[in-house]
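2 protein chains.
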Amino acid sequence: MTKAVVLLSGGLDSTTTLAIAKAEGFRPYALSFRYGQRHAVELAAAQRVAVALGVAEHVIVDIDLRRFGGSALTADIPVPKGRPAEQLAEAIPITYVPARNTVFLSFALAWAEVLGASDIFIGVNALDYSGYPDCRPEYIAAFAHLANLATAAGVEGRQRLKIHAPLIELTKAQIIQRGVALGVDYGLTSSCYDPSPDGRPCGQCDSCQLRAKGFSEAGVPDPLLMRYGGAEGS
Amino acid sequence: MTKAVVLLSGGLDSTTTLAIAKAEGFRPYALSFRYGQRHAVELAAAQRVAVALGVAEHVIVDIDLRRFGGSALTADIPVPKGRPAEQLAEAIPITYVPARNTVFLSFALAWAEVLGASDIFIGVNALDYSGYPDCRPEYIAAFAHLANLATAAGVEGRQRLKIHAPLIELTKAQIIQRGVALGVDYGLTSSCYDPSPDGRPCGQCDSCQLRAKGFSEAGVPDPLLMRYGGAEGS
Numbered sequence: 007m008t009k010a011v012v013l014l015s016g017g018l019d020s021t022t023t024l025a026i027a028k029a030e031g032f033r034p035y036a037l038s039f040r041y042g043q044r045h046a047v048e049l050a051a052a053q054r055v056a057v058a059l060g061v062a063e064h065v066i067v068d069i070d071l072r073r074f075g076g077s078a079l080t081a082d083i084p085v086p087k088g089r090p091a092e093q094l095a096e097a098i099p100i101t102y103v104p105a106r107n108t109v110f111l112s113f114a115l116a117w118a119e120v121l122g123a124s125d126i127f128i129g130v131n132a133l134d135y136s137g138y139p140d141c142r143p144e145y146i147a148a149f150a151h152l153a154n155l156a157t158a159a160g161v162e163g164r165q166r167l168k169i170h171a172p173l174i175e176l177t178k179a180q181i182i183q184r185g186v187a188l189g190v191d192y193g194l195t196s197s198c199y200d201p202s203p204d205g206r207p208c209g210q211c212d213s214c215q216l217r218a219k220g221f222s223e224a225g226v227p228d229p230l231l232m233r234y235g236g237a238e239g240s
Numbered sequence: 007m008t009k010a011v012v013l014l015s016g017g018l019d020s021t022t023t024l025a026i027a028k029a030e031g032f033r034p035y036a037l038s039f040r041y042g043q044r045h046a047v048e049l050a051a052a053q054r055v056a057v058a059l060g061v062a063e064h065v066i067v068d069i070d071l072r073r074f075g076g077s078a079l080t081a082d083i084p085v086p087k088g089r090p091a092e093q094l095a096e097a098i099p100i101t102y103v104p105a106r107n108t109v110f111l112s113f114a115l116a117w118a119e120v121l122g123a124s125d126i127f128i129g130v131n132a133l134d135y136s137g138y139p140d141c142r143p144e145y146i147a148a149f150a151h152l153a154n155l156a157t158a159a160g161v162e163g164r165q166r167l168k169i170h171a172p173l174i175e176l177t178k179a180q181i182i183q184r185g186v187a188l189g190v191d192y193g194l195t196s197s198c199y200d201p202s203p204d205g206r207p208c209g210q211c212d213s214c215q216l217r218a219k220g221f222s223e224a225g226v227p228d229p230l231l232m233r234y235g236g237a238e239g240s
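As you go down the protein sequences, you meet chains A and B in turn.
FYI, in this note's numbering the residues of the first sequence are 7 to 240.
FYI, in this note's numbering the residues of the second sequence are 7 to 240.
Okay, here's the thing in structure tokens:
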């Protein structure tokens with residue numbers, strides 16, 4: 007089986023991406039980051055998902071992006087609540103973490119080269135998304151170009167590195183429908199930027215709102231809310 | 007003064023790059039990495055250099071590239087010794103660390119964005135170098151392209167990120183001459199891939215050989231060797 011590195015936050019998108027990588031026949035190596043995020047409970051979700059989907063290996067890398075701050079997720083800045091999902095992509099929000107996907111993809115690239123893997127999966131999407139610049143197709147294309155110049159594997163022609171972003175043109179509802187069809191249990195995942203210590207979602211942050219809109223449009227209940235008996239404020 | 011992030015390993019090239027950034031009028035923020043490198047004594051050199059050159063701030067980030075290995079610098083693989091300097095760039099050597107400069111530049115990008123800095127300096131060079139793919143001009147150009155797509159600052163037009171690689175077309179001798187003219191004390195630096203615990207260079211690894219060739223061609227003595235009374239094997 008062909009190895010692939012899959013970035014896995016423990017959220018809905020990366021979990022679906024992992025399921026897609028498996029369905030496409032890849033042997034997945036899951037990579038997560040303890041980066042100082044406010045919502046570090048997502049790492050417990052990543053571990054549950056990695057076990058449930060049977061990855062070849064799951065590595066959690068420690069990096070301290072809180073050292074730089076600059077985001078509501080990595081500094082003492084409040085997470086915005088109650089913004090309508092329709093307005094989210096109009097401006098880049100304060101939950102944007104500077105250069106986060108570039109940092110994550112650079113580690114994925116390092117691991118892929120050592121594994122001899124040519125394939126990296128990332129669950130970015132550019133439709134029902136948070137307006138982050140490093141989730142757009144032109145960004146992913148630029149990273150793929152860089153990857154093949156950056157590595158011995160790319161330069162020597164041993165590997166032609168490919169960045170897979172299978173969700174990039176899907177709506178949140180389509181992502182959920184795809185995952186449900188693949189048997190994903192979304193009750194294992196965690197999307198909230200500002201959950202309770204026990205992992206209960208706040209229901210009000212951008213990520214919770216995008217998730218709720220997606221489940222609503224997909225016409226299926228969110229098993230995570232059933233697990234907690236609703237979001238915190240509901 | 008304009009802020010700039012300067013990648014500082016504590017070696018000859020990055021120290022010269024820092025001196026150039028200062029000479030060009032930038033206020034330098036130095037960034038180093040404890041990445042599991044065999045030659046972690048270089049971080050003491052980075053600290054000496056940061057103090058001597060008066061940086062605005064010096065951050066050492068902890069990242070464990072040893073978790074992935076794949077290099078003589080981050081795994082239990084012997085460092086090659088005694089290869090003639092003229093042959094070094096003929097193939098990518100085992101001291102190449104997969105995706106290292108991409109990882110380093112991604113953190114530099116994160117810090118630059120938070121600082122509001124548009125300028126990142128890196129001491130790569132592509133003439134008297136080790137044959138690493140992520141030291142070439144086309145790689146640096148690809149990262150600059152990525153940086154402006156990756157960040158809120160780039161996308162919103164607040165910053166036009168620029169990657170400065172002022173050594174990229176200099177020989178090692180020219181780099182040393184430039185540094186000497188700027189008053190750099192190369193006795194503070196550390197280049198060796200496999201030094202003694204006290205920092206004494208081995209004199210035989212690729213990096214020591216490139217350094218020796220550079221000082222020889224520049225026609226100046228290496229103050230580091232004077233400090234230690236010669237390299238280990240000499």
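C-beta: ideal position from N, C-alpha, C; glycine also.
Return yes when the Cβ of Y35/B is within less than 8 Å of the Cβ of L121/B, no when it is not. Working through the second sequence from its first residue, we reach residue 121/B at position 115. Working through the second sequence from its first residue, we reach residue 35/B at position 29. Cβ distance < 8 Å, so L121/B and Y35/B count as in contact.
Measure the beta-carbon distance from S202/A to L18/A and round it to whole angstroms, keeping in mind my assumption that it falls under 8 Å. The residue you call residue 202/A lines up with position 196 of the first sequence. The residue you call residue 18/A lines up with position 12 of the first sequence. About 18 Å; that fails the 8 Å criterion.
E30/B - containing beta strand (DSSP E), residue span: By one-based count along the second sequence, residue 30/B stands at place 24. Note, E30/B: premise wrong, no beta strand (DSSP E); not H, not E.
So the beta strand (DSSP E) A118/A belongs to, where does it begin and stop? Counting from one through the first sequence, the residue named residue 118/A turns up at place 112. Taken as a continuous stretch (DSSP letters only), A118/A belongs to no beta strand (DSSP E), being part of the alpha helix (DSSP H) at R106 to L121.
Residues of the stretch 64-84 of chain A in Cβ contact with chain B at a cutoff of 8 Å, in chain order, please. V65, V67, D68, I69, D70, L71, R73, F74, G75 and G76
Say whether chain B places a C-beta atom closer than 8 Å to the C-beta of F32/A. On the first sequence, residue 32/A is found 26 positions in, with the first residue counted as 1. Judged by the 8 Å Cβ criterion, F32/A is not in contact with chain B.
Mind checking whether K219/A and K178/A have CB atoms under 8 Å apart? Reading the first sequence from its first residue, position 213 is the one you call residue 219/A. Reading the first sequence from its first residue, position 172 is the one you call residue 178/A. Cβ distance < 8 Å, so K219/A and K178/A count as in contact.
Please state the DSSP three-state secondary structure of F127/B. Taking the second sequence and counting its residues from 1, one reaches residue 127/B at position 121. In the structure shown, F127/B sits in a strand (DSSP, three-state: E or B).
By Cβ distance below 6 Å, which residues in the same chain neighbour M7/B in space, the five residues on each side in sequence not counted? Start at 1 with the first residue of the second sequence, and residue 7/B comes out as number 1. Excluding positions up to five away in sequence, the list reads R33.
Could you compute how far the alpha carbon of K28/B sits from the alpha carbon of F127/A? Within the second sequence, numbered from 1, the residue matching residue 28/B stands at position 22. Within the first sequence, numbered from 1, the residue matching residue 127/A stands at position 121. Between K28/B and F127/A, the C-alpha separation is close to 40 Å.
Buried or exposed (CB count within 10 angstroms, at least 16 for buried), G209/A: Taking the first residue of the first sequence as position 1, residue 209/A is located at position 203. G209/A should be labelled buried.
Just mark R217/B as buried or exposed, buried being the case when its beta carbon has 16 or more other beta carbons within 10 Å. Your numbering for residue 217/B matches position 211 in the second sequence. Per the 10 Å Cβ criterion, buried.
Helix, strand or coil for L3/B? Go by DSSP, reduced to three states. Residue 3/B lies beyond the residue range present for chain B, which begins at 7 and ends at 240; the question has no answer from this structure.
Do Y192/A and P229/A have their C-beta atoms within less than 8 Å of each other? Position 186 of the first sequence, counting from 1, holds the residue named residue 192/A. Position 223 of the first sequence, counting from 1, holds the residue named residue 229/A. It is a contact, given that the beta carbons lie within the stated cut-off.
Regarding P203/A and the ligand NAD, is the C-beta to nearest heavy atom distance less than 7 Å? Annotation note on the ligand NAD: not contained in the displayed structure, which lists no ligands.
For N107/B, go through chain A and note every residue whose CB falls closer than 8 Å to its CB, in chain order. To locate residue 107/B, count along the second sequence from 1; it is residue 101. Going along chain A in sequence order, the residues near N107/B (Cβ under 8 Å) are A156.
Using DSSP with H/G/I as helix, E/B as strand and the rest coil, what is D140/B? Here residue 140/B is taken as the residue at index 134 of the second sequence, counted from 1. DSSP places D140/B in helix when its eight states are reduced to three.
Assuming contact is defined by CB atoms lying nearer than 8 Å, are N107/B and D140/B in contact in what I supplied? One-based indexing of the second sequence puts residue 107/B at position 101. One-based indexing of the second sequence puts residue 140/B at position 134. Yes, these two residues count as a Cβ contact at 8 Å.
Pairwise C-alpha distance: L59/A and F39/A: By one-based count along the first sequence, residue 39/A stands at place 33. By one-based count along the first sequence, residue 59/A stands at place 53. Distance between the alpha carbons of F39/A and L59/A is about 18 Å.
Go ahead and label V47/B buried or exposed: buried means 16 or more other beta carbons lie within 10 angstroms of its beta carbon, across all protein chains shown. Mapped onto the second sequence, residue 47/B falls at position 41. The residue in question, V47/B, is buried, as its Cβ has 16 or more Cβ neighbours within 10 Å.
Chain-ordered chain A contacts of S112/B [CB-CB under 7 Å]: Counting from 1 along the second sequence, the entry for residue 112/B is found at position 106. A105, T108, V109 and S112, listed in chain order.
Pull the bridge partners of K9/A from the DSSP assignment, please. Taking the first residue of the first sequence as 1, we reach residue 9/A at position 3. In DSSP, K9/A forms a bridge with R33/A.
Quick check: the Cα distance between A159/A and G88/A, rounded to an integer number of angstroms? Translated into positions along the first sequence, residue 159/A becomes position 153. Translated into positions along the first sequence, residue 88/A becomes position 82. Approximately 46 Å, taken between the alpha carbons.
What's the gap between the Cα of H151/A and the Cα of A114/B? Your numbering for residue 151/A matches position 145 in the first sequence. Your numbering for residue 114/B matches position 108 in the second sequence. Going by the C-alpha atoms only, they are around 19 Å apart.
Spatial neighbours of C211/A within its chain, please: C-beta separation below 8 Å, excluding the five flanking residues on both sides. Here residue 211/A corresponds to residue number 205 of the first sequence, with the count starting at 1. Closer than 8 Å at Cβ, skipping near neighbours: V85, P86, K87, T101, C198, Y199 and D200.
Closest by C-alpha distance to I98/B, when choosing among D204/B, A25/B and R142/B: Walking along the second sequence from the start, residue 98/B turns up at place 92. Taking only the C-alpha atoms, the option nearest I98/B is R142/B.
Beta-carbon neighbours of A148/B, restricted to chain A and to distances below 7 Å: In the second sequence, counting from the first residue as 1, residue 148/B sits at position 142. Correct list: H151, L152 and L155.
Could you name each continuous beta strand (DSSP E) segment of 3 residues or more that falls completely within the stretch 133-203 of chain B, going from the start of the chain to the end? 168-170
Looking only at its own chain, which residues have a Cβ that is under 6 Å from the Cβ of G75/A, when we skip the five neighbours before and after it? Along the first sequence, one-based indexing puts residue 75/A at 69. Same-chain partners within the cutoff: A81.
Whole angstroms is fine: what's the gap from R184/A's alpha carbon to P207/A's? As a working note, residue 184/A is residue 178 in the first sequence. As a working note, residue 207/A is residue 201 in the first sequence. Cα to Cα, the separation comes out at about 23 Å.
Could you compute how far the alpha carbon of A3/A sits from the alpha carbon of A10/A? Since the first and last residues shown for chain A are 7 and 240, residue 3/A lies out of range.
With a threshold of 6 Å on Cβ separation, who are the neighbours of E119/A within its own chain once the five nearest residues in sequence on each side are excluded? In the first sequence, residue 119/A corresponds to position 113, counting from 1. Result list for E119/A: T157 and A159, in chain order.
If the criterion is Cβ atoms closer than 8 Å, does the pair L176/B and L111/B meet it? As a working mapping, residue 176/B is identified with position 170 in the second sequence. As a working mapping, residue 111/B is identified with position 105 in the second sequence. Contact: no.
Classification of R44/B by the beta-carbon crowding that lies within 10 angstroms, buried from 16 upward: Mapped onto the second sequence, residue 44/B falls at position 38. Answer is buried; the Cβ neighbour count reaches 16.
Length of the line joining the Cα atoms of A148/A and N154/A: Walking along the first sequence from the start, residue 148/A turns up at place 142. Walking along the first sequence from the start, residue 154/A turns up at place 148. Each residue's Cα considered, the two are about 10 Å apart.
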